[in-house]
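Below is one structure, written out as structure tokens; the observations come after it.
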Amino acid sequence: MGSTDNASEASGSPIQNAVKQYGITKPLSSAGPTNADLQRTAELEKFLVEASLYESEEETTKRQEVLLEIERICKEWVKQLTLQRGYTDQMVEEANAVIFTFGSYRLGVHGPGADLDTLCVGPSYVNREEDFFMVLHDLLAENEEVSELHPVPDAHVPVMKFKFRGISIDLLYASVSLLVVPQDLDISQQSVLYNIDEATVRSLNGCRVADMILRLVPDVKSFRTTLRCLKYWAKRRGVYSNVTGFLGGVNLALLVARVCQFYPNAVPSMLVSRFFRVYTQWRWPNPVMLCAIEANEELGFTVWDPRKFHGDRKHLMPIITPAYPCMNSSYNVSSSTLRVMMEQFNHANKICQEIEMNKAAWRALFEPYQFFEAYKNYLQVEVAAADVEDHRLWKGWVESRLRQLTLKIERDTCYKLQCHPYPYEFTDPSKQVPHCAFFMGLSRKEGVQVQDGQQFDIRATVDEFRLDVNMYMYWKPGMEVYVSHIRRKNIPSFVFPEGYKRPRPVRAHNPDRSGVAASPCSQSDGGTSPAGGSSKRKRDSDNDYASAKHQKWIPPESDLGNQDMNGDLIPCPIRAHHPDWPGVAASPCSQSDGGASPAVGSLKRKRDGDNDYGTSAKHQKQGSPESDLGNRDLSGGLMLASCSKLNGDTVLSGNEEGTLAGDFEPSNALEAALKAHAASSNSDDPQKQPLRLSLASTA
Numbered sequence: 019m020g021s022t023d024n025a026s027e028a029s030g031s032p033i034q035n036a037v038k039q040y041g042i043t044k045p046l047s048s049a050g051p052t053n054a055d056l057q058r059t060a061e062l063e064k065f066l067v068e069a070s071l072y073e074s075e076e077e078t079t080k081r082q083e084v085l086l087e088i089e090r091i092c093k094e095w096v097k098q099l100t101l102q103r104g105y106t107d108q109m110v111e112e113a114n115a116v117i118f119t120f121g122s123y124r125l126g127v128h129g130p131g132a133d134l135d136t137l138c139v140g141p142s143y144v145n146r147e148e149d150f151f152m153v154l155h156d157l158l159a160e161n162e163e164v165s166e167l168h169p170v171p172d173a174h175v176p177v178m179k180f181k182f183r184g185i186s187i188d189l190l191y192a193s194v195s196l197l198v199v200p201q202d203l204d205i206s207q208q209s210v211l212y213n214i215d216e217a218t219v220r221s222l223n224g225c226r227v228a229d230m231i232l233r234l235v236p237d238v239k240s241f242r243t244t245l246r247c248l249k250y251w252a253k254r255r256g257v258y259s260n261v262t263g264f265l266g267g268v269n270l271a272l273l274v275a276r277v278c279q280f281y282p283n284a285v286p287s288m289l290v291s292r293f294f295r296v297y298t299q300w301r302w303p304n305p306v307m308l309c310a311i312e313a314n315e316e317l318g319f320t321v322w323d324p325r326k327f328h329g330d331r332k333h334l335m336p337i338i339t340p341a342y343p344c345m346n347s348s349y350n351v352s353s354s355t356l357r358v359m360m361e362q363f364n365h366a367n368k369i370c371q372e373i374e375m376n377k378a379a380w381r382a383l384f385e386p387y388q389f390f391e392a393y394k395n396y397l398q399v400e401v402a403a404a405d406v407e408d409h410r411l412w413k414g415w416v417e418s419r420l421r422q423l424t425l426k427i428e429r430d431t432c433y434k435l436q437c438h439p440y441p442y443e444f445t446d447p448s449k450q451v452p453h454c455a456f457f458m459g460l461s462r463k464e465g466v467q468v469q470d471g472q473q474f475d476i477r478a479t480v481d482e483f484r485l486d487v488n489m490y491m492y493w494k495p496g497m498e499v500y501v502s503h504i505r506r507k508n509i510p511s512f513v514f515p516e517g518y519k520r521p522r523p524v525r526a527h528n529p530d531r532s533g534v535a536a537s538p539c540s541q542s543d544g545g546t547s548p549a550g551g552s553s554k555r556k557r558d559s560d561n562d563y564a565s566a567k568h569q570k571w572i573p574p575e576s577d578l579g580n581q582d583m584n585g586d587l588i589p590c591p592i593r594a595h596h597p598d599w600p601g602v603a604a605s606p607c608s609q610s611d612g613g614a615s616p617a618v619g620s621l622k623r624k625r626d627g628d629n630d631y632g633t634s635a636k637h638q639k640q641g642s643p644e645s646d647l648g649n650r651d652l653s654g655g656l657m658l659a660s661c662s663k664l665n666g667d668t669v670l671s672g673n674e675e676g677t678l679a680g681d682f683e684p685s686n687a688l689e690a691a692l693k694a695h696a697a698s699s700n701s702d703d704p705q706k707q708p709l710r711l712s713l714a715s716t717a
């Protein structure tokens, strides 16, 4: 394989490291470890081993064999193309492709079951569009050891994903301007960047960045142990996902490498502690850089420069890659995800201080984050498809768009509503259709004052997200996305380990208020009180509302909607259906007259031109008054609409904890929808229905 995989791992001695400058500044400290630091490092390394973060020798050997086999296939592929295109026998003999690795495997921090990131470098006459994504794709498809083959040619970095002997492979391709690719090709040299396009540069840069990181850190062994530790910490605390807007593997490697430069003689226990100490005090958006940003006018590729490029000025947490052309590896970070990461940095910093004072053990640092205890309100995004393979593709697409939903919610609420996307998926084992669910915590920004009668209305925002998701190029019938508001007390049990769900304390009964309905928002989880005077409403035998006691325990399957304080049922238009689902109503409870919703079984009701389910998404885009988008201010953000009737739908005030309708189990509806779709697959051009979501109190 490529020569970059043989980079030296030798580290300098403490004396050498003390006099050498790494990075663009001098070290913050050249102090070495004390005996206590060495003891804590031994304890940390023992903990990492016990946490099963290192793969076995058998798996290591298997990975090496898989790499050799992939390289053999790629070499044969290039020779076959060379022969077909009429090159000389000597050219066919010399035709070559070289495999390089990057990512966690190249950095030496991969764990059991980790993906294997690989790059194939081929000659100039073998292109990506046809030769790689068609010819090589077909060769891999015929191989019995290859499964789950999925080409992604339109990705920011075009990639072929598959499993080889059970190991997940991400294979990139780069065609360099050479007729013959030497086996000892050094892709760290800028000469390989001549006469190639930007997609090829991005493909090459994964390997180039990994190699430069290993060259720019003082001690590779300490760097690897620290990075392995912090990757585990980030996963346990729910902040490890570049696609969601948190830290990815490259981001975290660059942050750790910079701390290693600041403390060149530190051991891993010191580096972990200094990591949190440094980044809790870092003044973002000052960039993190391992070396100076290099420009090359001859090559002419764009490098990160906020002085020249307006888009670069908007980056909130720039972490710059060291290889030319230097880029911001963390452009996905939003204000909400940055806030979450800073909270986690501060939390970890306090624990590390306790560890240094022998008041806590390393295990305390890796306690899992209790995401479903942290918020009162959540968005649930459920992804479903007709079969397992379709679901795998559809899930990846929807997950890649969740960051856009976060950004849109921030934008449309003028950054007053904060989102915390949780980067893990959950599956309900009781459901028979392929599906998974993602969750977002919702909270009002600290310090934002919300008056009585104000609310956040993000129905149009969710509509926009749904339309964006449904633009998926490879969409098939059966691919569905559902978005619903869900309260903490209604979090489904399958998201908890072994089905555990936090017990809810019994609400105390006030004997002095006999005959008065208990507030539907007086839950022990911190709900705010209802609007003034609403709690005085009598419960009588002939009203058509359930008692507060019974209302609290209405199962989500009943889909009855919630009550406002004036006696009107609140519509709960939460379900989103793709336009190609014939005969399925967008929501069985979105009548404009506020009437009670039918049961889930009414999903098979036909859509016709004069139904009462609202206008099509197309009309919404055109600004139809029936689109129920809520009010907008002149800046384009969604205004905080007071409690009123918007186009016939009751919109609830922001100080009512229990005002959001729409808790349901979308998978139940999906099973019925799949049957309806199978029975009416020949229906043409069904009407597209809007998704509307009204979010009230999030305090």
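Start counting the sequence shown at 19; every next residue gets the next number (my numbering).
Yeah, the Cβ is synthetic: ideal placement off N, Cα and C, and Gly gets one too.
Closer than 7 Å: residue i CB and nearest the ligand GDP heavy atom
i	result
Tyr433	Absence of the ligand GDP from the depicted structure is noted, as is the absence of any ligand whatsoever, leaving it without description.
With 16 other Cβ atoms within 10 Å as the buried cut-off, status of residue i
i	result
Arg413	The sequence as given places Lys at residue 413; Arg does not occur at that position. Lys413 is buried by the Cβ-count criterion.
Glu216	exposed
His409	buried
Asn223	buried
Thr431	buried
Ile42	exposed
Lys44	exposed
Phe514	exposed
Glu199	A small correction: the amino acid at residue 199 is Val; Glu does not occupy that position in the sequence shown. Buried, since its Cβ has 16 or more Cβ neighbours within 10 Å.
Thr106	exposed
Arg301	exposed
His174	exposed
Pro439	buried
Glu498	buried
Gln388	exposed
Leu99	buried
Glu720	For the chain, the structure presents residues 19 to 717; residue 720 sits outside this window and is missing.
Glu111	exposed
Thr721	Residue 721 cannot be examined here, being either before or after the span of the chain that is shown, 19 to 717.
Nearest-angstrom Cα separation, counted from residue j out to residue i
i	j	result
Ile369	Tyr490	44 Å
Gln473	Ser347	36 Å
Glu75	Gln82	11 Å
Arg103	Thr320	35 Å
Arg292	Val227	23 Å
Glu316	Glu77	44 Å
Val115	Ser206	The sequence shown places Ala at residue 115, rather than the Val named in the question. Roughly 17 Å separates the two Cα atoms.
Ile427	Phe444	22 Å
Asn304	Arg331	11 Å
Phe180	Leu62	35 Å
Asn314	Asp323	13 Å
Asp611	Ile476	With a pLDDT of only 38 at Asp611, under 50, the local geometry of the prediction cannot be trusted, and no value is derived from it.
Pro176	Lys507	42 Å
Val142	Leu197	The question names Val, but residue 142 in the sequence shown is Ser. One C-alpha to the other measures close to 6 Å.
Asp204	Ala284	31 Å
Ala403	Asn488	13 Å
Leu435	Asp202	53 Å
Counterpart residues of residue i in DSSP-defined beta bridges
i	result
Lys179	His168, Asp188
Asn346	Ile338
Ile117	Cys138
Leu459	The displayed chain sequence assigns Gly, not Leu, to residue 459. Partner(s): Tyr396, His438.
Tyr258	Leu265
Val401	Cys454, Val499
Nearest-angstrom Cβ-Cβ length linking residue i and residue j, presumed shorter than 8 Å
i	j	result
Gly263	Asn350	5 Å
Val139	Val194	6 Å
Tyr250	Leu71	6 Å
Leu248	Val290	7 Å
Ile231	Leu308	7 Å
Arg246	Leu411	With a Cβ gap of about 31 Å, Arg246 and Leu411 do not count as contacting.
Segment contact, 8 Å Cβ cut-off, at least three pairs: the stretch 117-126 with the stretch 227-244: yes
Cβ pair count under 8 Å reaching 3, the stretch 326-336 against the stretch 385-401: no
Touch test, the stretch 268-286 against the stretch 354-373, Cβ-Cβ under 8 Å, three pairs minimum: no
Contact between the stretch 473-483 and the stretch 422-432 (3+ Cβ pairs under 8 Å): yes
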